[in-house]
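Participant: Structure below; questions to follow.
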């Protein structure tokens, strides 16, 4: 198979292999574990890989071979802007809600992507299959490798679809970022330990998406306003950036694992409705506050590392929504801070107690309900204004 190894084609080859490999691995894992999120990430990675592979093959000599390699380049849809946005959005939704499943209306998001692929399929069937193979009509464009519909796409149709896709992709990225911050509020209000479910890597990826879109806009404007437009070599750098995104998305996405002990049921509509509820300050709320505080002091549920809002509500035989509203509105805190305050105070008590002198700070943290060093250090610093070691040194200096 034709492949001219040069700087431009060779540098794009590793991310193409990476994207193909991990899309297959994710597909296999998704099938084995019945995980919708893995299927969606596999599709997203595969489309990223296809986009980069188009430029890799172009610099490898396929456009200039003037044979079937060139024909393939003209009739294969390498760019799928209209699918990137919906796939990223629904990938996030499937990660944030273990019960998320596609509804019929959700497939409407992919109609523009299907139309785009359908055009390429129609062009291939008409130009290559019907005109060239069946009727024996020779190709007339690009040294006899491209028919009229392929030429139509190359002249202006591809650019029009690109321009229309830009606001669409931007809208999906912004929507996903917005719902991500809703998700952050959700996990802080439902879980006492969020390290394994914060999805910070996905937030970083979304920011990278915004940056790549900004770069894309810059390239488009430079091509439109420039006297000669950008060369293929100059445009190549944008595809190198997409190759870097492939590495980040494949590795971080494949390593993402939501523990079964943390069932996620994030629903952006429900969280929006809950956030707009009026705050109530009543005698009933005061009774609930007193009940919760007494329970925390006597039963000490915060010593359970995996304590969740639903678990605490079940212990107290209260509706989870009532417990959440009381903590948020009555105590002015989210569930995460509320529980970790007790854990921090427990660590402070143990630091001051001679009974626990044989334990390290991390040992004290685990004894007090924390499940990781990172969560312990972050919560202690946030809630006490100093690091655990600083507090320990200050206590010993007294």
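Residue numbers (our numbering): 4 to 401. Backbone N, C-alpha and C fix where the C-beta goes; we use that ideal spot for every residue, glycine too.
Quick one: residues in its chain with C-beta nearer than 6 Å to the C-beta of residue 376, no 5 flanking neighbours on either side, listed in chain order?
Facilitator: 365
Participant: Between residue 378 and the rest of its own chain, which residues show a CB-CB distance below 6 Å, the 5 nearest in sequence each way excluded?
Facilitator: 196 and 198
Participant: If we require 3 or more residues per run, which beta strand (DSSP E) segments fall completely within the segment 276-341?
Facilitator: none
Participant: In the DSSP assignment, what are the bridge partners of residue 149?
Facilitator: 144
Participant: State the start and end residues of the unbroken alpha helix (DSSP H) segment that holds residue 361.
Facilitator: First-last for residue 361: undefined, no H or E at that position.
Participant: Which residues in the same chain as residue 85 place their Cβ atom closer than 7 Å to its Cβ, once the five residues preceding and following it in sequence are excluded?
Facilitator: 115, 116, 119, 168 and 171
Participant: From residue 212 to residue 138, what does the alpha carbon distance come to, in whole angstroms?
Facilitator: 45 Å
Participant: Quick one: is residue 31 buried, meaning 16 or more other Cβ sit within 10 Å of its Cβ, or exposed?
Facilitator: exposed
Participant: Is the segment 6-25 in contact with the segment 240-255, if contact means three or more CB pairs nearer than 8 Å?
Facilitator: yes
Participant: Tell me which residues share the same chain as residue 344 and place their Cβ nearer than 8 Å to its Cβ, disregarding the 5 neighbours each side in the sequence.
Facilitator: 336 and 386
Participant: Are the CB atoms of residue 233 and residue 222 nearer to each other than 8 Å?
Facilitator: yes
Participant: How far does the alpha helix (DSSP H) with residue 241 in it extend, from its first residue to its last?
Facilitator: 235-258
Participant: Any chance the segment 92-110 sits against the segment 256-272, with 3 or more Cβ pairs inside 8 Å?
Facilitator: yes
Participant: With DSSP as the reference, please indicate the residues paired to residue 222 in a beta bridge.
Facilitator: Partner(s): none; residue 222 has no beta bridge.
Participant: In three-state terms, what does DSSP make of residue 269?
Facilitator: Residue 269 falls in the coil class under three-state DSSP.
Participant: Please classify residue 212: does DSSP put it in a helix, a strand, or coil?
Facilitator: If DSSP states are grouped into helix, strand and coil, residue 212 belongs with the helices.
Participant: Are the Cβ atoms of residue 78 and residue 121 separated by less than 8 Å?
Facilitator: In this structure, residue 78 keeps its C-beta atom at 8 Å or more from the C-beta atom of residue 121.
Participant: Nearest-angstrom Cα distance between residue 150 and residue 38?
Facilitator: Note on geometry: alpha-carbon atoms of residue 150 and residue 38 lie some 42 Å from one another.
Participant: On the DSSP letters alone, give me the boundaries of the alpha helix (DSSP H) that residue 66 sits inside.
Facilitator: Neither: residue 66 is in no alpha helix (DSSP H) and is coded neither H nor E.
Participant: Which first and last residues belong to the alpha helix (DSSP H) in which residue 17 is found?
Facilitator: Here the alpha helix (DSSP H) through residue 17 covers 10-36.
Participant: Nearest-angstrom Cα distance between residue 361 and residue 354?
Facilitator: Cα to Cα, residue 361 sits roughly 10 Å from residue 354.
Participant: Look at the alpha carbon of residue 389 and the alpha carbon of residue 306, and state the distance between them as a whole number of angstroms.
Facilitator: Between residue 389 and residue 306, the C-alpha separation is close to 22 Å.
Participant: If I measure Cβ to Cβ from residue 261 and keep anything under 8 Å in the same chain, skipping five residues before and after, which residues do I get?
Facilitator: 98, 101, 199, 200 and 267
Participant: In the structure shown, what three-state DSSP assignment does residue 207 receive?
Facilitator: helix
Participant: So, at 7 Å on beta carbons, what are the nonlocal neighbours of residue 253 in its own chain, with the 5 sequence-adjacent residues on each side left out?
Facilitator: 21, 22, 25 and 48
Participant: On the DSSP letters alone, give me the boundaries of the alpha helix (DSSP H) that residue 202 sits inside.
Facilitator: That residue, residue 202, is in no alpha helix (DSSP H); it is neither H nor E in DSSP.
Participant: With respect to the alpha helix (DSSP H) encompassing residue 112, which residues constitute its N-terminal and C-terminal limits?
Facilitator: Counting along the chain, residue 112 falls outside any alpha helix (DSSP H), and DSSP gives it neither H nor E.
Participant: Is it true that the CB of residue 257 sits closer than 8 Å to the CB of residue 29?
Facilitator: yes
Participant: Mind checking which residues open and close the alpha helix (DSSP H) that includes residue 380?
Facilitator: Following the DSSP letters along the chain, one finds residue 380 inside the alpha helix (DSSP H) bounded by residues 376-387.
Participant: Where does residue 6 sit, in a helix, a strand or coil, going by DSSP?
Facilitator: coil
Participant: Can you tell me the Cα-Cα spacing of residue 188 and residue 74, whole angstroms?
Facilitator: 51 Å
Participant: Would you list the one or two residues that DSSP bridges to residue 49?
Facilitator: According to DSSP, residue 49 bridges with nothing at all.
Participant: Just to confirm, are residue 3 and residue 192 a CB contact at a threshold of 8 Å?
Facilitator: This structure does not reach residue 3, given that the chain is present from 4 up to 401, and the question cannot be answered.
Participant: Between residue 76 and the rest of its own chain, which residues show a CB-CB distance below 8 Å, the 5 nearest in sequence each way excluded?
Facilitator: 57, 60, 61, 65 and 66
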